[in-house]
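Protein chains in written order, with our numbering: chain A, 147 to 282; chain S, 3 to 277; chain G, 153 to 423; chain Z, 17 to 337.
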């Protein structure tokens, strides 16, 4: 089973995940959730570290622009992730392993669909070889 | 040119504008940084096409003192970037701007950054020595060329280059923007990446070091020039400079008041990559 | 050639917090076969997966266990604070030199200490007391910021009852229920004003204490060659090979950690 | 002196690759090769063979400590005499009857070092200042001098047992050897080092240190490329099967090298660190081992990003300065 490290912002996406659960929306158990106060709290170093340690994919989800509990957290995050994508793609790291989304507390359905979407994308890829910490 | 620099330096000392001046003097192999504290020593200053290290990296050591710096275009932009990040006060730094003729390595080849240099004349200075020089329109042809290669080839190039690295951190110590108290690479608690020369650790080091320069790098090339193992790393930071310009319309080191791009935001930023 | 880098696996017999704020933890571990040491020596403790760090041996040579008291400060010390009874650690040692007990024969011994640097001095004190008659007067002056930071205080309260031993315990500032000295170690040293003739002084404590104690020592007339201190440094190999713990040409791990003051004075001020 | 055909040596070297690990300069650096080598002054020195940048020393597995077993013996081939001598200088620090560094010493005792004489010294070389030179045999089992299609060989028993005796050198070979040796040595600038150790020790608190060290960026380039620098770090790596304890090249120029957990750093700035590097090689080493900890190879001069030139520093502090 693939393993996706999910950084979910506490006020929106994490609540969205709760709603998905409460509403019994089915989604594959591929995510390992890390609850963060805001998508702006996610230091790109965490994404590098998650991939380095062998995650099949990383996913950061936060509030829609304008809904951020801290007003501007997701705006900062958006810039960081744009640069992260650009750099990883530039050096040739395979696409389909890094996901960003805005999911509000009321979008339980979208949360479940997004997880399904990520599973499909990650299933297409072979097991991780690039940028992997040695472990044996 | 050298005479004019010495003249400006002497004047700055006489008018009490500086207590110490960082410039280039004659070295045994090439120009070497020198630190002048007395008017009489200004005649040690020289200027030629081997002044390729970025002197701004020394400024933080003299904080609180009136410090002069003989700065080519990229050096001056690094000073501005440091001021924008509140590391230096504009009034503490006296910039003797030198329109740069482009620097060369020991084989006489012009460095990559200089070939495409857009700001040979310092955008911010206290005094300018000699006529302004026009830069070239920067459109990062080397980056576009690299981008045109297939992903596998790019990853292979990136891996082959970082394999040469021995983690002596000359790139970090030569960069004026690398001034963290404790670098993420030295942190033990948590330990982000492993020590040693395994491919993944070397990739981790060079990716995250470059990432930290997004929107802060003046493309002076000191990192690649300082590297004893000739590891190509400038193409990483030049790519980020290109991204930052396209995405956020920002060029490092032009305006001491402007916040670095990742230190601010805009509601209109593109987000097509967000689900 | 015996490999000096291989640690020996030992079990933790007791692990308990010394101070109320849980910043100091004492661990007693099994003593490996044939492990004989003298007070002042140290061991490199291995927490596999975190690393190694040097700690002075606080137990006396005659005790059947090795005691270390660890101040929680970094990567390895934090891991040591998680240790409980029965856990296994690696140790390498005994390493470094020791307090020159052979010089103390028939002489007075004055021990001045502060904070958690008292570890190896407990070992020295108990070692001297084992053959008490070989030494003349023994005086201990030991202080800390608060009573609960005084290491092994129950034991010291017991030892205070002995006539052949003079113990002065102090805390920096007034503390409810504290009846002994109040004041910094250098002040208490001046108050006690011990004679310098025929006396060896062993001093170990935080840099601030050392800084203010040195002038007092000079005033009391202690010659630098009869003053010894134990230094703390960042260490990795503990056997004088990895190069980092040098002061001048001497390695604190191999030629120290115990240095006499006159030797230290001849070296660059890098400590 | 013997003379051996070049192909004979090159062929033999490839054969020996079966039971020896061959380290030799190849496209600019000393690395492990299958027996090929390239005649050059490498950037990474022969130190890589005996003290590699990363080396596992022990493993912790299922509650037990296992020492990492030895690998095949090493042949370090084709390095310059300064690198060969550097290895024997490191050995002085590693040899110790109470705490021997077994990893380095085992490799050294079983290893063979074959150096090639330096006919064209660079202008940053100053090896003759330390009592040896481009044709020195110190620290190597054999010195080869290239002449037409064969090597003149000054070797010991260990070398000849492996590579064969070849034939007795002719009279003109010996002249050629002396002639080339003299010509090479003349090209090298000698810096004054008479009782340099004591002079440095007496000037330890001299304010000149601040001026000398100010331009140093405190990177590790000079120490990593220096053939006599042996400082190392030890760290634990977690693996699926347990823990691998490894040692890595470290540098006294890094601040974390001496930074204590409390934050205190006995060598906090570039001044103390540069002073320590120079004192270690030119004052402490002679004091402890009777030899300077430097072979005058000049790498730290060539590869320093800010052209910190140790020859100038030694002139200022020791000789005419």
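Every residue, glycine too, gets a C-beta built ideally from N, C-alpha and C.
Exercise for review: To the nearest angstrom, report how far apart residue 38(Z) and residue 62(Z) are at their CA atoms.
Suggested key: 11 Å
Exercise for review: Output the distance between the C-alpha atoms of residue 58(Z) and residue 169(S), rounded to the nearest integer angstrom.
Suggested key: 18 Å
Practice item. Going by CA-CA distance only, name the one from 271(G), 268(G), 188(G) and 239(G) that's closest to residue 167(G). Key: 239(G)
Point to revise | Chain-ordered neighbours of residue 415(G) on chain Z, where CB pairs are closer than 7 Å | key: Going along chain Z, no residue has its Cβ under 7 Å from residue 415(G), so there is no contact; the nearest lies around 14 Å.
**Study point:** Below-8 Å beta-carbon distance, residue 8(S) vs any chain A residue
**Key:** no
Practice item. Give me the Cβ distance between residue 61(S) and residue 25(S), rounded to the nearest whole Å; I'm assuming they're in contact under 8 Å. Key: No, residue 61(S) and residue 25(S) are not in contact; Cβ-Cβ is about 13 Å, not under 8 Å.
**Study point:** Exposure of residue 264(S), with buried meaning 16 or more beta-carbon neighbours within 10 Å
**Key:** buried
Review point. When burial is assigned at 16 or more other CB atoms within 10 Å of the CB, is residue 248(A) buried or exposed?
Key: buried
Review point. Do residue 207(Z) and residue 327(Z) have their C-beta atoms closer together than 8 Å?
Key: yes
Check your understanding: How would you call residue 245(S), buried or exposed, if buried means at least 16 neighbouring beta carbons within 10 angstroms?
Key -> buried
Practice item. Could you tell me whether the stretch 214-232 of chain Z touches the stretch 171-184 of chain G, where touching means 3 or more Cβ pairs closer than 8 Å? Key: no
Check your understanding: Who are the neighbours of residue 235(S) on chain A, taking C-beta pairs under 9 Å?
Key -> Going along chain A, no residue has its Cβ under 9 Å from residue 235(S), so there is no contact; the nearest lies around 11 Å.
Exercise for review: Using beta-carbon positions only, say whether residue 241(Z) and residue 230(S) come within less than 8 Å of one another.
Suggested key: For residue 241(Z) and residue 230(S), yes; Cβs fall inside 8 Å.
Check your understanding: By Cβ distance below 7 Å, which residues in the same chain neighbour residue 357(G) in space, the five residues on each side in sequence not counted?
Key -> Here residue 357(G) has 265, 266, 267, 269 and 337 as same chain residues with Cβ atoms under 7 Å from its own Cβ, once five neighbours each way along the sequence are excluded.
Exercise for review: Taking residue 301(G) and residue 191(G) to be in contact with their CB atoms under 8 Å, please state how far apart those CB atoms are, rounded to whole angstroms.
Suggested key: Contact between residue 301(G) and residue 191(G) is ruled out by a C-beta separation of about 22 Å, above the 8 Å threshold.
Point to revise | Under 9 Å (Cβ pairs) to chain G, residues found in the stretch 192-204 of chain S | key: Result list: 193.
Review point. Bridge partners of residue 34(S), per DSSP?
Key: 27(S)
Check your understanding: Are residue 282(Z) and residue 422(G) closer than 8 Å when you measure CB to CB?
Key -> yes
Check your understanding: So, does the CB of residue 280(A) fall closer than 8 Å to a CB anywhere in chain S?
Key -> By the rule that beta-carbons nearer than 8 Å mark a contact, residue 280(A) touches chain S.
Point to revise | residue 210(Z) - partner residues in DSSP beta bridges | key: Answer by DSSP bridge pairing: none, since residue 210(Z) is not bridged.
**Study point:** Other residues of its chain near residue 247(S): CB distance less than 7 Å, five sequence neighbours each side excluded
**Key:** 253
Practice item. Identify whether residue 90(Z) lies in helix, strand or coil by the three-state DSSP scheme. Key: If DSSP states are grouped into helix, strand and coil, residue 90(Z) belongs with the strands.
Check your understanding: For residue 337(Z), which of helix, strand or coil comes out of DSSP?
Key -> Low confidence applies here, because residue 337(Z) scores a pLDDT of 47, under 50, leaving its location unreliable; read the following figure in that light. Coil at residue 337(Z), not helix or strand.
Check your understanding: Would you call residue 216(G) buried or exposed, if buried means 16 or more other Cβ atoms sit within 10 Å of its Cβ?
Key -> exposed
Review point. Opposite residue 42(Z) in the DSSP bridges: which residues?
Key: 45(Z)
Practice item. For residue 292(G), collect the residues of the same chain with a Cβ closer than 6 Å to its Cβ; drop the 5 residues on either side in sequence, then sort them by chain order. Key: 263 and 319
Check your understanding: How would you label residue 241(S), buried or exposed, when you count the other beta carbons within 10 angstroms and need 16 or more for buried?
Key -> buried
Check your understanding: If you run the structure through DSSP and keep just helix, strand and coil, what is residue 171(S)?
Key -> In the three-state reduction of the DSSP assignment, residue 171(S) falls in the coil class.
Check your understanding: How big is the Cα-Cα spacing for residue 337(Z) and residue 331(Z)?
Key -> At residue 337(Z) the pLDDT is 47, less than 50, meaning the model places this residue with poor confidence; the figure from the coordinates comes in the next sentence. Their backbone Cα atoms lie some 5 Å apart in a straight line.
Practice item. Can you tell me which of the three DSSP states residue 226(A) falls into? Key: helix
Check your understanding: If you measure from the beta carbon of residue 297(Z) to each beta carbon in chain S, is any gap under 8 Å?
Key -> no
Review point. CA-CA distance, residue 4(S) and residue 28(S)?
Key: 12 Å
Exercise for review: Return yes when the Cβ of residue 393(G) is within less than 8 Å of the Cβ of residue 142(Z), no when it is not.
Suggested key: no
Check your understanding: With respect to the beta strand (DSSP E) encompassing residue 251(Z), which residues constitute its N-terminal and C-terminal limits?
Key -> 248-255
Exercise for review: Check the Cβ of residue 255(Z) against every Cβ in chain A and list those closer than 9 Å, keeping chain order.
Suggested key: 280, 281 and 282
Review point. Is it true that the CB of residue 247(G) sits closer than 8 Å to the CB of residue 200(G)?
Key: no
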